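Sequential numbering from 1 applies to the sequence shown in the working numbering. Built from N, CA and C at the ideal position, the CB exists for glycine as well. Only a predicted model underlies this, so the values are computations on that prediction, with no experimental measurement involved. To keep things clear, I will list the structure first and then write my remarks on it.
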Amino acid sequence: MHEKILIVEDDRSLREIMSDYFTANQYEAVCASCGREALEKAALSDLAVILLDINLPDIDGFHVCSAMRSELCITAPVLFITARISEADKLNGYACGADDYITKPFSLPVLQAKITAMLKRRGLNAVKQYGGILIDRNEHTVTVQGEKTDLALKEFELLSFLAGNEGRLFSRQQLLIRIWGYDFDGSDRVIDDHIRKLRKKLGKCRDYIRTVHGAGYSFRIPEGGKGS
């Protein structure tokens, strides 16, 4: 399966050149021409990396990056692509959650090299142990205390996301947007239903997923680390 890359660039010509280049180099390119479109597509996609222009026609890239991190809870690397190279802009970008910068004009092979290095580092962390739970994000498998557990896709995505953000509290609405997307028109109670199913399948590790009444859910490994 090809890695999915989101290209956020309002210059149509540059956007198409980048899309064609990365598609030819075995990526799946998703494009957006403005900030709102970028947020909508980011919410619906399992992205490997985000290429984000700062000067967009509606919302600037700083605000888009900040919203991706805080509202959508997206953890994929973000590279700002910009002609703005001041120290203040760079510091602002990093404060918003960016991982790196590349300045215009730039070499597409150099940009690809940056992305390859980021994805390589990401791949090293694709299999992680959380107490009694082993999650393999490449194979989409979960092992609970040595035994493989069959999870539906949304159950896997929900568990993987919560575990990858251990200790953080997420509201139902945040989880709904992150896992189901902005355009999901069902009730946020779908989160409760999936949490209930997850806990049942996690067996003795069910208490890793914690309910904070009136606030949402979090993932935390209990004392002892192997489940109750």
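- Here T75 is not near I54, since their CB atoms are 7 Å or more apart.
- A check of alpha carbon separations from I133 across E16, G203 and A215 identifies G203 as the nearest.
- Here H194 is near L158, since their CB atoms are less than 7 Å apart.
- Contact check for L162 and I209: beta-carbon distance about 6 Å, within the 8 Å limit, so the pair qualifies.
- Annotation for Q26: no alpha helix (DSSP H) segment contains it, and DSSP assigns it neither H nor E.
- With 16 or more other Cβ atoms from the protein chains shown falling within 10 Å of its own Cβ, E155 counts as buried.
- By the C-beta criterion, the stretch 174-187 is judged not to be in contact with the stretch 94-105, since fewer than 3 inter-stretch pairs fall below 8 Å.
- Less than 7 Å separates the beta-carbon of G216 from that of S171.
- In this structure, L44 and G181 form a Cβ contact; the two beta carbons are roughly 4 Å apart against a cut-off of 8 Å.
- In the structure shown, T75 adopts coil according to DSSP, grouped into three states.
- Rounded to whole angstroms, G93 and M18 show a C-alpha spacing of 22 Å.
- Counting along the chain, G132 sits inside no beta strand (DSSP E), nor does DSSP assign it H or E at all.
- The residue among S13, Y21 and V212 with its C-alpha nearest the C-alpha of P109 is Y21.
- Bounds of the alpha helix (DSSP H) holding I177 are R172 to W180.
- C65 sits close to C96, with the two beta carbons spaced by under 7 Å.
- About 4 Å separates the beta carbon of A32 from that of A38, a gap short enough to meet the 8 Å contact definition.
- Within the DSSP bridge table, the entry for Y101 names F80 as partners.
- Scanning its chain for C-beta atoms nearer than 7 Å, with the 5 sequence neighbours on each side dropped, one finds around G167 the residues S218 and R220, in chain order.
- If you draw a straight line from the Cα of Q112 to the Cα of S86, it comes to about 23 Å.
- Classified as buried, T149 has 16 or more neighbouring CB atoms from the shown chains inside 10 Å of its CB.
- Just so you know, the alpha carbons of Q129 and A152 end up roughly 20 Å apart.
- Counting only runs of 3+ residues, the beta strand (DSSP E) found wholly inside the stretch 143-170 occupies 147-149, in chain order.
- One alpha carbon belongs to I7, the other to G146, and they sit about 40 Å apart.
- For S70, no beta strand (DSSP E) run applies; the uninterrupted alpha helix (DSSP H) run containing it begins and ends at G61 to S70, by DSSP.
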